[in-house]
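Chemist: Pasting in a structure now, in structure tokens, and then I'll have a few things to ask.
There are 2 protein chains.
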Amino acid sequence: MANSLSSLRESNRRMVTEAVRKAGSLTQAQLARTTGLSPATVSTIVRELRDLGVLAISSGGGRRNAVTLAPEPGLLVGIDFGHSHLRVAVAEPTRRVLAEQAIPLDVDTSAAEGLLAAETLVDELLAALRADRQEVLGVGLGVPGPIDPLTGVLGSSTILPGWVGINPALALGERLGLPVHVDNDANLGAIAEATWGVARGRRDVAYLKVASGVGASIIIDGRIYRGASGAAGELGHITIDENGRLCRCGNRGCLETLAGGLYLIELVRATHGPGITVPRLVELALAGDVGCRRVIGDAGRHLGVAVASLCNILNPGLVVVGGALAEAGALLVDPLQEVVHRLAIPSAAAVLSVVPGALGDRAGVLGALASVQVSNMESAL
Amino acid sequence: MANSLSSLRESNRRMVTEAVRKAGSLTQAQLARTTGLSPATVSTIVRELRDLGVLAISSGGGRRNAVTLAPEPGLLVGIDFGHSHLRVAVAEPTRRVLAEQAIPLDVDTSAAEGLLAAETLVDELLAALRADRQEVLGVGLGVPGPIDPLTGVLGSSTILPGWVGINPALALGERLGLPVHVDNDANLGAIAEATWGVARGRRDVAYLKVASGVGASIIIDGRIYRGASGAAGELGHITIDENGRLCRCGNRGCLETLAGGLYLIELVRATHGPGITVPRLVELALAGDVGCRRVIGDAGRHLGVAVASLCNILNPGLVVVGGALAEAGALLVDPLQEVVHRLAIPSAAAVLSVVPGALGDRAGVLGALASVQVSNMESAL
DNA sequence: GGTGTAGGTTCAGGATCTGAACATTGGAGA
DNA sequence: TCTCCAATGTTCAGATCCTGAACCTACACC
Numbered sequence: 001m002a003n004s005l006s007s008l009r010e011s012n013r014r015m016v017t018e019a020v021r022k023a024g025s026l027t028q029a030q031l032a033r034t035t036g037l038s039p040a041t042v043s044t045i046v047r048e049l050r051d052l053g054v055l056a057i058s059s060g061g062g063r064r065n066a067v068t069l070a071p072e073p074g075l076l077v078g079i080d081f082g083h084s085h086l087r088v089a090v091a092e093p094t095r096r097v098l099a100e101q102a103i104p105l106d107v108d109t110s111a112a113e114g115l116l117a118a119e120t121l122v123d124e125l126l127a128a129l130r131a132d133r134q135e136v137l138g139v140g141l142g143v144p145g146p147i148d149p150l151t152g153v154l155g156s157s158t159i160l161p162g163w164v165g166i167n168p169a170l171a172l173g174e175r176l177g178l179p180v181h182v183d184n185d186a187n188l189g190a191i192a193e194a195t196w197g198v199a200r201g202r203r204d205v206a207y208l209k210v211a212s213g214v215g216a217s218i219i220i221d222g223r224i225y226r227g228a229s230g231a232a233g234e235l236g237h238i239t240i241d242e243n244g245r246l247c248r249c250g251n252r253g254c255l256e257t258l259a260g261g262l263y264l265i266e267l268v269r270a271t272h273g274p275g276i277t278v279p280r281l282v283e284l285a286l287a288g289d290v291g292c293r294r295v296i297g298d299a300g301r302h303l304g305v306a307v308a309s310l311c312n313i314l315n316p317g318l319v320v321v322g323g324a325l326a327e328a329g330a331l332l333v334d335p336l337q338e339v340v341h342r343l344a345i346p347s348a349a350a351v352l353s354v355v356p357g358a359l360g361d362r363a364g365v366l367g368a369l370a371s372v373q374v375s376n377m378e379s380a381l
Numbered sequence: 382m383a384n385s386l387s388s389l390r391e392s393n394r395r396m397v398t399e400a401v402r403k404a405g406s407l408t409q410a411q412l413a414r415t416t417g418l419s420p421a422t423v424s425t426i427v428r429e430l431r432d433l434g435v436l437a438i439s440s441g442g443g444r445r446n447a448v449t450l451a452p453e454p455g456l457l458v459g460i461d462f463g464h465s466h467l468r469v470a471v472a473e474p475t476r477r478v479l480a481e482q483a484i485p486l487d488v489d490t491s492a493a494e495g496l497l498a499a500e501t502l503v504d505e506l507l508a509a510l511r512a513d514r515q516e517v518l519g520v521g522l523g524v525p526g527p528i529d530p531l532t533g534v535l536g537s538s539t540i541l542p543g544w545v546g547i548n549p550a551l552a553l554g555e556r557l558g559l560p561v562h563v564d565n566d567a568n569l570g571a572i573a574e575a576t577w578g579v580a581r582g583r584r585d586v587a588y589l590k591v592a593s594g595v596g597a598s599i600i601i602d603g604r605i606y607r608g609a610s611g612a613a614g615e616l617g618h619i620t621i622d623e624n625g626r627l628c629r630c631g632n633r634g635c636l637e638t639l640a641g642g643l644y645l646i647e648l649v650r651a652t653h654g655p656g657i658t659v660p661r662l663v664e665l666a667l668a669g670d671v672g673c674r675r676v677i678g679d680a681g682r683h684l685g686v687a688v689a690s691l692c693n694i695l696n697p698g699l700v701v702v703g704g705a706l707a708e709a710g711a712l713l714v715d716p717l718q719e720v721v722h723r724l725a726i727p728s729a730a731a732v733l734s735v736v737p738g739a740l741g742d743r744a745g746v747l748g749a750l751a752s753v754q755v756s757n758m759e760s761a762l
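Going line by line, the protein sequences match chains G and D.
Note that this note's numbering gives residue 68 to position 68 of the first sequence, counting from 1, and the numbers run on in steps of one.
Heads up, this note's numbering is the position in the second sequence plus 381, with the first residue counted as 1.
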């Protein structure tokens with residue numbers, strides 16, 4: 001299908017570029033060793049890619065000639081929508097973050113208001129950097145709900161009711177006049193943790209996002225697995241208790257009704273006042289509040305039931321727990337792990353590690369940045 | 382890593398061979414179109430492969446020159462162990478079955494007895510074909526339990542207690558003096574259904590084997606997904622009811638205690654006599670026995686809960702239900718599907734089909750045959 | 001029987017990778 | 001400071017491979 005002589009060259013170019021991207025800086029001899037190509041071939045390919053503007057040869061470096069990715073002009077924007085917050089980051093094409101800010105968002109914001117807020121915040125950050133929209137190469141957008149892979153429309157979400165049925169990439173793209181790539185927030189968090197966080201270098205990972213809702217993302221062989229209709233990883237609506245509480249999705253006893261932040265704060269509202277939020281709940285638990293610790297521990301145990309199922313089905317080596325509730329660290333993860341080891345089959349539990357994410361509430365926006373396609377390579381064929 | 386000039390030729394040879402294997406018989410022009418190579422390249426590659434003995438050109442065919450796989454000498458053996466049966470098949474390298482037989486096996490057969498029975502049956506079938514063990518190129522073996530991918534040892538299985546801790550491939554290989562490839566029976570059933578059955582041509586499929594126990598196999602991008610320790614797809618021990626019945630695995634309310642054949646026949650033993658078996662249960666249900674229908678329907682509903690979880694996690698487009706209980710067809714699958722559509726999230730349920738397997742109780746042994754590696758290609762480089 | 005279309009082969013040409021030879025540079029040691 | 005060595009990067013001829021075009025062949029249809 002893709003096997004001609006010229007496709008070989010393209011494949012080798014890609015291999016070289018990828019090796020440089022991973023290592024950051026390499027000499028041509030190292031490049032030859034890692035790619036398995038001969039030094040002669042590497043020499044010509046590097047020269048070509050330099051001429052195409054993809055690679056740069058910094059001969060002035062400490063050693064011989066260091067090959068690096070050519071510095072690209074332009075900026076990337078990452079946007080992460082949550083149930084109650086909005087976070088925007090602006091970064092270089094290398095993904096180094098230059099500016100980042102999070103603002104609270106009203107619970108029942110309409111899509112239009114949310115998009116306007118995002119637009120405003122993007123412009124503010126760009127202004128602070130003395131930059132212009134026209135310098136932005138692309139925008140990555142994360143939303144807490146399943147995106148239809150064909151239409152790009154946000155499916156039924158219990159978290160952002162005002163957004164159902166719209167195409168966020170299209171809507172924001174028109175507003176900003178920029179190419180927007182949209183994805184589920186759990187998928188983006190998984191990408192971020194796999195690129196910079198605790199899942200770095202792992203090829204098969206499950207990522208759990210526990211915030212207002214519960215979502216998951218599955219990385220198989222280094223790529224997000226999306227399933228037949230982009231709904232893979234919708235762990236929040238797994239049935240844990242068939243006779244349980246009614247969920248916003250219409251079923252009973254979904255995981256989300258037992259571990260989702262929206263439901264958890266209802267549990268502590270009576271004792272801790274109506275103004276309590278998920279971050280505050282975590283804060284109190286970490287400070288020693290017994291009730292909050294119990295609520296988070298119970299959530300962890302319920303999550304454990306779902307993760308045990310996931311374990312028996314997929315047998316992952318690593319489960320990363322992210323999202324606002326994961327800020328509770330061991331308070332959430334320890335009970336989760338205990339239940340998984342009790343319920344999952346021993347041979348699956350034995351190889352599993354469950355760890356909190358390393359990127360905290362920045363995972364989503366960093367993943368959004370990572371999801372923006374800005375490969376000089378691509379445009380240079 | 383694998384990109385040289387000679388690897389291109391090898392890759393193209395492989396592509397051509399694979400195309401011929403899939404289509405059975407192709408003309409060179411068709412081959413050029415399906416592989417994307419030029420007719421000139423196809424011409425030389427086909428000639429090379431003919432000289433190597435991999436392909437055959439049957440110019441006497443109806444049309445022009447039909448390219449086929451060269452007829453290989455030798456035989457393949459497939460062996461499928463179940464809780465209460467043993468099935469052996471002998472086939473040509475093309476996987477055309479020449480002889481096949483199933484015999485009952487005592488419930489608590491030891492590993493040694495089981496392997497002896499298999500050895501005997503293999504010899505009987507070979508004798509009937511006037512063939513010799515030395516003509517056998519390889520043996521595929523299916524066992525109902527997880528195989529450790531590193532050691533090849535059978536992990537904890539509730540179905541074959543006498544087998545735990547042994548390496549079936551090694552043990553049988555020594556007995557037969559032949560190379561044996563072992564795999565989980567659900568994985569083999571999935572391979573068979575994906576190669577010849579209802580999942581033919583599908584790249585992403587979940588296969589459910591419901592017999593004495595409950596197992597599953599997950600095909601992602603055309604390949605069995607095994608997970609970090611080979612335990613992926615162990616659906617039988619997903620917790621359906623935390624306060625349910627005690628399972629042989631030590632937990633409570635595993636799917637297997639609600640839908641596994643071993644438990645189902647206990648339910649009907651009181652009313653239908655102690656001699657009842659799973660096939661008989663299915664037979665009675667198909668004949669109209671109300672009690673048996675109810676038992677099977679309930680099993681389907683419980684399976685539906687687990688499949689709904691699987692659906693929310695993996696979002697497959699197709700779930701194939703195989704194993705002895707699947708012989709009940711719609712009696713099992715309809716209730717299963719009803720529950721899945723109720724519990725799984727709508728966008729996942731909408732794209733899902735649940736169908737009974739097409740290969741019945743032969744799926745395991747056919748998959749075992751398919752799993753034997755006998756590529757002339759490999760030996761011919 | 002004639003003609004056309006598609007299949008298959010051959011050949012020259014262009015593209016690619018590789019090994020060997022060669023120039024260059026940085027560093028270790030005297 | 002100087003010399004030598006080892007590693008790096010480049011160049012070039014050679015071999016391999018794919019492709020397009022021209023050519024031949026066989027079957028089908030008229």
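For glycine and all other residues, C-beta sits at the position ideal for the given N, C-alpha and C.
All values derive from a computational prediction rather than experimental measurement.
1. Can you give the Cα-Cα distance for G:Ile-45 and G:Val-374, rounded to whole angstroms?
2. Using a Cβ-Cβ distance cut-off of 9 Å, determine whether D:Thr-425 contacts chain G.
3. Hey, how far is the Cα of D:Asn-809 from the Cα of G:Gly-323?
4. On the DSSP bridge assignment, give the partners of G:Tyr-225 in chain order.
5. From which residue to which residue does the beta strand (DSSP E) around D:His-464 run?
6. Would you kindly report the start and end of the unbroken alpha helix (DSSP H) that includes D:Leu-713?
7. Does DSSP put G:Ile-57 in a helix, a strand or coil?
8. On the CB-based measure, 16 or more other CB atoms within 10 Å of its CB, does D:Pro-530 come out buried or exposed?
9. At the level of alpha carbons, what is the spacing between G:Ser-58 and G:Thr-17?
10. Where D:Gly-570 and D:Arg-402 are concerned, what is the direct C-alpha to C-alpha distance, given to the nearest angstrom?
11. Of all the CB atoms in chain G, is at least one closer than 9 Å to the CB of D:Ala-613?
12. If the criterion is Cβ atoms closer than 9 Å, does the pair G:Leu-235 and G:Leu-310 meet it?
13. At a Cβ threshold of 9 Å, is G:Ile-345 touching chain D?
14. If the cut is a Cβ gap below 9 Å, which residues of chain G does D:Cys-630 touch?
15. Given a threshold of 16 other Cβ atoms within 10 Å of its Cβ, counted over all protein chains shown, does G:Gln-134 qualify as buried or as exposed?
16. For D:Val-561, return the contacting residues in chain G, with the cut-off set at a CB-CB distance below 8 Å.
17. Can D:Val-732 and D:Gly-678 be called in contact, C-beta distance under 9 Å?
18. Buried or exposed: where does D:Val-671 fall if 16 or more other Cβ atoms within 10 Å of its Cβ makes it buried?
19. Taking the alpha-carbon of G:Ser-217 as reference, which of G:Ala-127, G:Asn-187, G:Ile-240, G:Val-67 has the nearest alpha-carbon?
20. What is the DSSP secondary structure of D:Glu-708, reduced to helix, strand or coil?
21. Select from G:Val-305, G:Val-333, G:Val-319, G:Leu-129 the residue whose C-alpha is nearest the C-alpha of G:Arg-293.
22. Are the stretch 333–342 of chain G and the stretch 221–238 of chain G touching by the rule of at least three beta carbon pairs closer than 8 Å?
23. Under 6 Å Cβ to Cβ from G:Gly-300, same chain only, skipping five residues before and after it: list those, please.
24. Taking the Cβ atom as the reference point for each residue, do G:Arg-252 and G:Thr-271 lie within a distance shorter than 9 Å?
25. The stretch 694–722 of chain D: which residues have C-beta closer than 9 Å to a C-beta of chain G, in chain order?
26. Beta carbon of D:Thr-470, beta carbon of D:Ala-509: below 9 Å?
27. Closer than 8 Å by C-beta to G:Gly-288: which residues in its own chain qualify, once you throw out the five before and the five after it? Chain order, please.
28. Considering just the uninterrupted stretch of the alpha helix (DSSP H) at D:Thr-364, what are its terminal residues?
29. Answer yes or no: does any C-beta atom of chain D fall closer than 9 Å to that of G:Val-351?
30. Rounding to the nearest angstrom, what Cα-Cα distance links G:Arg-202 and G:Ala-194 in this structure?
31. Suppose the cutoff is 6 Å on Cβ atoms and the five residues either side in sequence are ignored; what does the same chain contact list for G:Leu-385 look like?
32. Any beta carbon of chain G sitting closer than 9 Å to that of D:Ile-677?
33. According to DSSP, is G:Cys-247 helix, strand or coil?
34. Would a C-beta distance cut-off of 9 Å place G:Ile-382 and G:Ala-112 closer than the cut-off?
35. Within 10 Å of its beta-carbon, does G:Gly-61 have 16 or more other beta-carbons around it, so buried, or fewer, so exposed?
36. Would you mind telling me which residues of chain G sit closer than 8 Å to D:Asp-585, beta carbon to beta carbon, in chain order?
Modeler: With the structure as the only source:
1. 21 Å
2. no
3. The shown model of chain D, from 382 to 762, leaves out residue 809 of chain D, and the question about it has no answer.
4. BP columns for G:Tyr-225 are empty, so no partner.
5. No beta strand (DSSP E) contains D:His-464, which DSSP labels as neither H nor E.
6. 711–724
7. strand
8. exposed
9. 15 Å
10. 20 Å
11. yes
12. yes
13. yes
14. Ile-345, Pro-346
15. exposed
16. By Cβ distance, chain G contributes nothing, its closest Cβ being about 21 Å from D:Val-561, past 8 Å.
17. no
18. exposed
19. G:Asn-187
20. helix
21. G:Val-333
22. no
23. Leu-332, Pro-335, Leu-336
24. no
25. Ile-694, Leu-695, Asn-696, Pro-697, Gly-698, Leu-699
26. What sits at residue 470 of chain D in the sequence shown is Ala, not Thr. No.
27. none
28. The structure shown does not extend to residue 364 of chain D, since chain D spans only 382 to 762, so no value can be given for it.
29. yes
30. 7 Å
31. Nothing can be reported for residue 385 of chain G: it is not among the residues displayed for chain G, which extend from 1 to 381.
32. no
33. coil
34. A query on residue 382 of chain G cannot be resolved here, the shown segment of chain G reaching from 1 to 381 and no further.
35. Residue placement at G:Gly-61 is flagged as unreliable, the pLDDT there being 48, under the threshold of 50; the coordinate-derived value follows with that caveat. Answer is exposed; the Cβ neighbour count stays below 16.
36. Gly-227, Ala-228
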